[in-house]
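> Pasting in a structure now, in structure tokens, and then I'll have a few things to ask.
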Ligand SMILES: [Cu+2]
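Encoded structure:
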């Protein structure tokens, strides 16, 4: 029996995606825009961010691309906070915290966040070095990337990190999967982890 290659690849991608869910590993993505800031910001700036969980040594490989910023980028961080809410800085991507300066207007950089890069946020329950806590927040949709600029010090573009958005091979595949998983995931994983 011959299985068309495209279908086989799609099935394989689905299996991999579900395996990722089961053990809590995986990739998280987001598109940065001013409208995700709190309050919303009107800006020409846009960007993309992707976070991949690396198991050994436990770390996050983060790629951040941005362009069109109206102010010069000063810092970019991962923050702990759900959509529509501002939270504190959990890790620097650039512009401090031992990371290189942020390119002013546009970049496409890759940064590794290790245990020692995870900052303490006592008010939000995150201890310094608690990368597992940061990953758990990622898995529950409670981490966002934020790019701060000279024009918008509190953040010019922001993206809530989630699974699926564009993570699939095909566009339709990725979106369908992302939404289905996103909704079931909070409950399933919340229960599993407690
Ligand atoms: Cu920040």
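Residue numbers (our numbering): 34 to 227. Even for Gly, the Cβ is constructed at its ideal location relative to N, Cα and C.
Taking the CB atoms as reference points, tell me whether residue 192 and residue 64 lie closer together than 8 angstroms.
The answer is yes: Cβ separation under 8 angstroms.
> Quick one, are the C-beta atoms of residue 82 and residue 97 less than 8 angstroms apart?
Cβ distance < 8 angstroms, so residue 82 and residue 97 count as in contact.
> Please name the residue, chosen from 91, 109 and 100, that lies closest to residue 78 on a Cα-to-Cα basis.
Checking every option, the nearest Cα to that of residue 78 belongs to 100.
> Between which two residues does the beta strand (DSSP E) containing residue 113 stretch?
That run of the beta strand (DSSP E) goes 106-113.
> Which residues does DSSP pair with residue 178 in a beta bridge?
Residue 178 is bridged to 111 and 192.
> Who are the Cβ neighbours of residue 183 in its own chain at under 7 angstroms, not counting the five residues just before and after it?
Only 104, 105 and 107 meet the Cβ criterion.
> Output the distance between the C-alpha atoms of residue 124 and residue 91, rounded to the nearest integer angstrom.
Straight-line Cα distance between these residues: approximately 15 angstroms.
> Using C-beta distances below 6 angstroms, list every residue in its chain close to residue 141, excluding the 5 sequence neighbours before and after it, in chain order.
Excluding sequence neighbours, residue 141 sits near 98.
> To the nearest whole angstrom, what separates the beta carbons of residue 189 and residue 67, a pair I think is in contact under 8 angstroms?
The Cβ separation is near 6 angstroms, so the contact holds.
> Any chance the CB of residue 119 is under 7 angstroms from a heavy atom of ligand 1?
Outside the cutoff, so no.
> Looking at the secondary structure, which residues open and close the beta strand (DSSP E) in which residue 80 lies?
Segment 79-87, the beta strand (DSSP E) holding residue 80.
> Going by other Cβ atoms of all chains shown within 10 Å of its Cβ, with 16 needed for buried, is residue 179 buried or exposed?
Classification of residue 179: buried, given that the 10 Å Cβ count is 16 or more.
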